Structure formats: C-alpha cells, structure tokens
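Below is one structure; the comments refer to it alone.
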Amino acid sequence: MAGSVFAMIKYRFITKHRKGKWYASLEEAQERACSIGAGFLDHLSGQFTPYRGTILEIGDSQTR
Numbered sequence: 007m008a009g010s011v012f013a014m015i016k017y018r019f020i021t022k023h024r025k026g027k028w029y030a031s032l033e034e035a036q037e038r039a040c041s042i043g044a045g046f047l048d049h050l051s052g053q054f055t056p057y058r059g060t061i062l063e064i065g066d067s068q069t070r
C-alpha cells in the first residue's frame with residue numbers, strides 16, 4: 007500500500023500593505039489579524055469581521 011501524503015493547511019490574512027504570518031488554524035489567524043489591521047475579532051461573540059480589502063489566503067505545508 008502506497009503511503010498517503012497529507013498537507014497541513016495554513017491560514018493568513020493579507021491587506022493592501024501587509025501580509026500576516028502563516029498559522030495552523032483559522033481561529034489563530036483571526037486572533038492575530040488585528041495586529042496587521044486586517045480585521046476585528048469580537049472576543050465576546052467570537053465573530054471575526056475583516057476590514058474592506060482584506061483577503062484570507064489558504065495554503066498548505068508546501069506554501070512559504
């Protein structure tokens with residue numbers, strides 16, 4: 007049986023002027039997004055609101 011290859015999914019937010027670091031979970035990427043001005047995380051509801059022009063980039067373990 008051939009070995010399976012599983013790629014680890016990574017997430018980061020990108021604004022017009024900045025790129026966030028890659029994170030292993032979407033929740034962690036959302037928590038850190040406010041530090042680059044990519045959005046707002048309401049800690050009471052857990053809802054993330056990206057600012058206009060913010061892009062969520064999804065990559066795998068091959069992505070730099």
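With the working numbering applied, the sequence shown corresponds to residues 7 to 70, in that order. By construction, the Cβ of each residue, glycine as well, lies at the ideal position given by its N, Cα and C atoms. As the structure is a computational prediction, the values presented were derived from the model and not from experiment.
*Got a sec? Which residues, its chain only, sit under 6 angstroms from Lys-22 by beta carbon, not counting five neighbours each side?*
Translated into the one-based positions of the sequence shown, residue 22 becomes position 16. Cβ within range, chain order: Gly-59.
*On the three-state DSSP scale, how would you describe Arg-38?*
Walking along the sequence shown from the start, residue 38 turns up at place 32. Helix, per DSSP.
*Is Leu-50 helix, strand or coil when you go by DSSP?*
Against the sequence shown, residue 50 aligns to sequence position 44. Here Leu-50 sits in coil by DSSP.
*Which same chain residues, not among the five before or five after Trp-28, have their C-beta less than 6 angstroms away from its C-beta?*
For this step, residue 28 is matched to residue 22 along the sequence shown. Only Lys-16, Arg-18 meet the Cβ criterion.
*Which partner residues of Leu-79 appear in the DSSP bridge assignment?*
A question about residue 79 goes unanswered here, because the residues of the chain that appear run from 7 up to 70.
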